[in-house]
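Below is one structure, written out as structure tokens; the observations come after it.
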Amino acid sequence: MKDKKIAELILAERKRQSEGLEMIPSENHASKDVLTALGSVLTDKYSEGYPGMRYYGGCEVVDQVENLARDRAKKLFGVNHANVQGYSGSPANQAVYYALLNPGDKVMGLKLYFGGHMTHGLKVNFSGTIYDSVQYETGKDGYLDYDAMMKQAKFEQPKMIVVGATAYPRIYDWKKLRKIADEVNAWLLADISHIAGLVVGGVHPSPAGIADVIMTTTHKTLRGPRGALILCNGNPSTPLKKAERTKENLPTLIDRAIIPGLQGGPHNHQTAAIAVALGEASQPDFKTYAAQIVRNAKKLASELSDRGYNLVTGGTDNHLLLIDLTNKKVTGKEAEDALGNAGITVNKNTVPFDPRPPFSPSGIRLGTPALTSRGLKEDHMVQVAQWIDEAITNRNNTEKLGELGKQIKKFASSFPLPSDR
Ligand SMILES: Cc1ncc(COP(=O)(O)O)c(C=O)c1O
Numbered sequence: 008m009k010d011k012k013i014a015e016l017i018l019a020e021r022k023r024q025s026e027g028l029e030m031i032p033s034e035n036h037a038s039k040d041v042l043t044a045l046g047s048v049l050t051d052k053y054s055e056g057y058p059g060m061r062y063y064g065g066c067e068v069v070d071q072v073e074n075l076a077r078d079r080a081k082k083l084f085g086v087n088h089a090n091v092q093g094y095s096g097s098p099a100n101q102a103v104y105y106a107l108l109n110p111g112d113k114v115m116g117l118k119l120y121f122g123g124h125m126t127h128g129l130k131v132n133f134s135g136t137i138y139d140s141v142q143y144e145t146g147k148d149g150y151l152d153y154d155a156m157m158k159q160a161k162f163e164q165p166k167m168i169v170v171g172a173t174a175y176p177r178i179y180d181w182k183k184l185r186k187i188a189d190e191v192n193a194w195l196l197a198d199i200s201h202i203a204g205l206v207v208g209g210v211h212p213s214p215a216g217i218a219d220v221i222m223t224t225t226h227k228t229l230r231g232p233r234g235a236l237i238l239c240n241g242n243p244s245t246p247l248k249k250a251e252r253t254k255e256n257l258p259t260l261i262d263r264a265i266i267p268g269l270q271g272g273p274h275n276h277q278t279a280a281i282a283v284a285l286g287e288a289s290q291p292d293f294k295t296y297a298a299q300i301v302r303n304a305k306k307l308a309s310e311l312s313d314r315g316y317n318l319v320t321g322g323t324d325n326h327l328l329l330i331d332l333t334n335k336k337v338t339g340k341e342a343e344d345a346l347g348n349a350g351i352t353v354n355k356n357t358v359p360f361d362p363r364p365p366f367s368p369s370g371i372r373l374g375t376p377a378l379t380s381r382g383l384k385e386d387h388m389v390q391v392a393q394w395i396d397e398a399i400t401n402r403n404n405t406e407k408l409g410e411l412g413k414q415i416k417k418f419a420s421s422f423p424l425p426s427d428r
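See below:
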């Protein structure tokens, strides 16, 4: 690369990733093939519209790319319509709101403090300013409280219920959620951004055929490039015909919300990389990877519990752990900094009913997807838990953190990144 400055920074980031342990649950390591597709000439091509109906010439190749991505997404998730053009998770959620609601309509989503995403109704996000947002909480035990959700939905009568989280360590009961939405005649949006890889890997129940619309990012457990899928069932209507807001019209409503509603030209290099990732996710070894993510998270949870750490809900069913550090007399920010200094990247996070602010919350969030992609197994989680505990305990001891950093660097470097294999 001629741009030495950027080349150096890319190398520096590669070194940071390969010499450390990446434990942010929303991150992962994409394959060499995904990176190759992302860095291809497909980025040069404009193609507003959809395959077969473009506003630009020369789309015969990118049409095939997008069709492949759509077909693979439909097959993998078991739905009959897939939109693969969302630039990322937040704009894709915005497209679902735009497709199904009018400004001012009521939406019920999980509060940020309890693990919800900003796009699920946070007051300073589009979802909380353009729409009338009401928010639900988890129970005191950290689990979703389906009875309380039903009560709140009956009282509030939302037009859409959003389910999904950035920090929820348990399984979703989609059928119960469907019942709540049906009771008040609301749309049900399943935002499976975090767990999509677990869903297609067969270790988390799928909302396909239950939720009206599924949105997922493609870069978390699914292990693709940054991007999003919006999935649903229904029948695309003929172009230019008005589409009422019915279940049958969901494909048309979603596609029109993306373009002309919110976006212009799709990112064809990103679409190609999504297609590659979906191809990888349909291979048998992806199921092994998904199962290993959960086994690693459960082992890490039990090792940290044994060391006196308080896990929200007492453990995990999926890829992440939410730790309340109050009993350790350390804040999430202090723990994030100490772990970062030792080469373990995590992020501070609020815990349910957190008395502290989001910039300095009581907890941290840890995940196993990226470590699993590098080949770590349950036995390694014993060592990782030990290092996490030592770094937090010695957070004010620079020398000890430096020593831990050396051990972690040696260990991490023996597990090449997938793109280096
Ligand atoms: C549940 C959930 N939805 C949506 C998003 C938004 O995705 P993006 O960051 O790609 O906009 C995230 C990202 O963290 C998420 O966790």
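Just so you know, we're using our numbering here: the sequence shown kicks off at 8 and counts up by one.
In this text, a Cβ means the ideal position worked out from N, Cα and C, and glycines have one as well.
As the structure is a prediction and not an experimental result, all values here were calculated from the model.
message: Between which two residues does the beta strand (DSSP E) holding residue 88 run?
response: Taken as a continuous stretch (DSSP letters only), the beta strand (DSSP E) holding residue 88 covers 88-90.
- prompt: So does residue 3 have its beta carbon nearer than 7 angstroms to some heavy atom of ligand 1?
  reply: For residue 3 there is no data in the structure shown, the boundaries of the chain being 8 and 428.
task: Write down the C-beta distance between residue 176 and residue 356 rounded to the nearest angstrom, noting that I regard them as a contact closer than 8 angstroms.
output: So it is not a contact: roughly 11 angstroms between Cβ atoms.
- prompt: Applying the criterion that 16 or more other CB atoms from any shown protein chain within 10 Å of the CB defines a buried residue, is residue 366 buried or exposed?
  reply: Exposed, since its Cβ has fewer than 16 Cβ neighbours within 10 Å.
message: Please list the terminal residues of the continuous beta strand (DSSP E) segment that includes residue 372.
response: Note, residue 372: beta strand (DSSP E), 370-374.
- request: Identify, in the order they occur along the chain, each residue of the same chain with its Cβ nearer than 6 angstroms to the Cβ of residue 387, setting aside the five sequence neighbours on each side.
  value: None.
message: I want to know whether the segment 257-276 touches the segment 74-85 - three or more CB-CB distances under 8 angstroms.
response: no
field: Stretch pair the segment 370-381 + the segment 51-69: three plus CB contacts closer than 8 angstroms
entry: Contact between the segment 370-381 and the segment 51-69 is absent, because fewer than three Cβ pairs lie under 8 angstroms.
message: Given the structure, does residue 264 come close to ligand 1, in the sense that its CB is under 7 angstroms from one of the ligand's heavy atoms?
response: Flag unset: Cβ of residue 264 not near ligand 1.
query: Among 230, 247, 148, 213, which has the Cα closest to the Cα of residue 238?
result: Among 230, 247, 148, 213, the Cα nearest to that of residue 238 belongs to 213.
query: With 16 as the cutoff for other CB atoms within 10 Å, does residue 167 come out buried or exposed?
result: Buried, by the Cβ-count rule.
message: In whole angstroms, give me the CA-to-CA distance for residue 110 and residue 331.
response: 37 angstroms
query: From residue 408 to residue 294, what distance separates their C-alpha atoms?
result: If you take the alpha carbons of residue 408 and residue 294, they lie about 36 angstroms apart.
message: Helix, strand or coil for residue 114? Go by DSSP, reduced to three states.
response: Strand.
- request: Count the other C-beta atoms from every protein chain shown that fall within 10 angstroms of the C-beta of residue 402, then say buried if there are 16 or more, exposed otherwise.
  value: Buried is the call here.
Of the listed residues 311, 275, 227, nearest to residue 288 (C-alpha basis): 227
query: Whole-angstrom Cβ separation of residue 100 and residue 198, contact assumed at under 8 angstroms?
result: 7 angstroms
- prompt: To the nearest angstrom, how far is it from the Cα of residue 397 to the Cα of residue 51?
  reply: 49 angstroms
message: If you reduce the DSSP assignment to three classes, tell me which class residue 342 lands in.
response: Reduced to three states, the DSSP call for residue 342 is helix.
query: Is residue 345 near ligand 1, going by C-beta to nearest heavy atom under 7 angstroms?
result: Because no heavy atom of ligand 1 lies under 7 angstroms away, the Cβ of residue 345 does not count as near it: no.
query: Which ranges would you report for the alpha helix (DSSP H) in the segment 173-204 if only whole runs of at least 4 residues count?
result: 181-190
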